[in-house]
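K.L.:
Chains as they are written, first to last, in our numbering: chain U, 10 to 124; chain C, 743 to 852.
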């Protein structure tokens with residue numbers, strides 16, 4: 010199983026809503042990532058979890074709150090978002106085994122629209 | 743700060759033609775990945791290059807890593823409409839973050 014799954018595929022929310030994005034992988038990877046991507050631009054790193062602990066926060070606004078309940082799951086909790094937060098949100102995972110290069114495997118993304 | 747310069751930004755070619763995408767940096771990378779992404783989908787890993795001077799082939803796609811591990815190229819022979827997409831190069835540093843190029847949007851017309 011070399012797949013990263015993300016739910017939901019599409020999400021429309023108002024600026025006062027609270028919602029969550031979910032990501033799951035069963036490759037035994039112990040590093041997981043959240044990215045934000047605007048159309049025709051490269052992904053922008055938001056958060057990195059390593060061994061279920063937050064290791065990198067790229068100065069992301071507090072209206073985005075990540076959570077890693079276990080080694081297979083990664084959540085992104087959303088609250089009081091702005092229209093400019095509309096984007097494709099990507100989850101990725103990477104093996105932490107020695108000798109394995111930094112290959113990140115991406116999920117299909119969640120297309121988020123904030124009204 | 744974009745550490746990887748990717749060019750060209752856009753490419754539109756006829757089916758059957760060849761194309762090359764370039765990725766250049768002043769930094770040395772421990773490895774470099776190439777991804778292809780279709781609209782509304784996540785990037786799909788095509789290849790990882792690790793050794794300076796390395797050449798890898800994936801059917802009609804040829805990937806090269808520069809001798810100094812600072813640059814890479816992707817060459818597609820006899821492009822097909824199915825090759826259409828956003829191509830991204832990404833260099834890896836020791837802290838396991840990826841530095842992405844700006845991307846090349848490739849359109850292959852039938």
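Glycine included, every Cβ here is placed at the ideal spot set by N, Cα and C.
Just how far apart, CA to CA, sit residue 807 of chain C and residue 769 of chain C?
P.N.:
Cα-Cα distance, rounded: 13 Å.
K.L.:
According to the Cβ coordinates, are residue 115 of chain U and residue 99 of chain U closer than 7 Å?
P.N.:
Yes; because the gap between Cβ atoms is below 7 Å, this pair is in contact.
K.L.:
Under a three-way DSSP split, which group does residue 75 of chain U fall into?
P.N.:
In the structure shown, residue 75 of chain U adopts extended strand secondary structure according to DSSP, grouped into three states.
K.L.:
Suppose the cutoff is 6 Å on Cβ atoms and the five residues either side in sequence are ignored; what does the same chain contact list for residue 847 of chain C look like?
P.N.:
Counting only Cβ-Cβ distances below 6 Å, and skipping sequence neighbours, we find 752 and 828.
K.L.:
Starting from residue 833 of chain C, follow the beta strand (DSSP E) in both directions and report where the run begins and ends.
P.N.:
827–834
K.L.:
Can you tell which of U:123, U:119 and U:124 has the C-alpha that lies nearest to the C-alpha of residue 783 of chain C?
P.N.:
U:119
K.L.:
Compare the C-beta of residue 790 of chain C with all C-beta atoms of chain U and state if any pair is closer than 7 Å.
P.N.:
yes
K.L.:
Anything in chain U within Cβ reach of residue 787 of chain C, meaning under 9 Å, just list it in chain order.
P.N.:
112, 113, 114 and 115
K.L.:
Three Cβ pairs or more, each shorter than 8 Å: is that satisfied between the stretch 34–52 of chain U and the stretch 11–24 of chain U?
P.N.:
They touch, by the three-pair rule.
K.L.:
Is the number of C-beta pairs between the stretch 74–93 of chain U and the stretch 754–762 of chain C that are closer than 8 Å three or more?
P.N.:
no
K.L.:
Threshold first: 3 residues or longer. Then list the beta strand (DSSP E) segments lying entirely within the stretch 763–842 of chain C, N to C.
P.N.:
773–779, 786–791, 797–800, 803–807, 813–818, 827–834 and 840–842
K.L.:
Who does residue 41 of chain U pair with in a DSSP beta bridge?
P.N.:
Residue 41 of chain U pairs with U:58 and U:102.
K.L.:
Are the C-beta of residue 749 of chain C and some C-beta of chain U separated by less than 7 Å?
P.N.:
Cβ-Cβ to chain U under 7 Å: no for residue 749 of chain C.
K.L.:
Does the beta carbon of residue 838 of chain C come closer than 7 Å to any beta carbon on chain U?
P.N.:
yes
K.L.:
Beta-carbon of residue 830 of chain C versus every beta-carbon of chain U: anything under 7 Å?
P.N.:
Residue 830 of chain C counts as touching chain U.
K.L.:
List the residues of chain U that residue 806 of chain C touches, going by C-beta distances under 8 Å, in chain order.
P.N.:
Here the premise fails: no neighbours, minimum Cβ distance about 17 Å.
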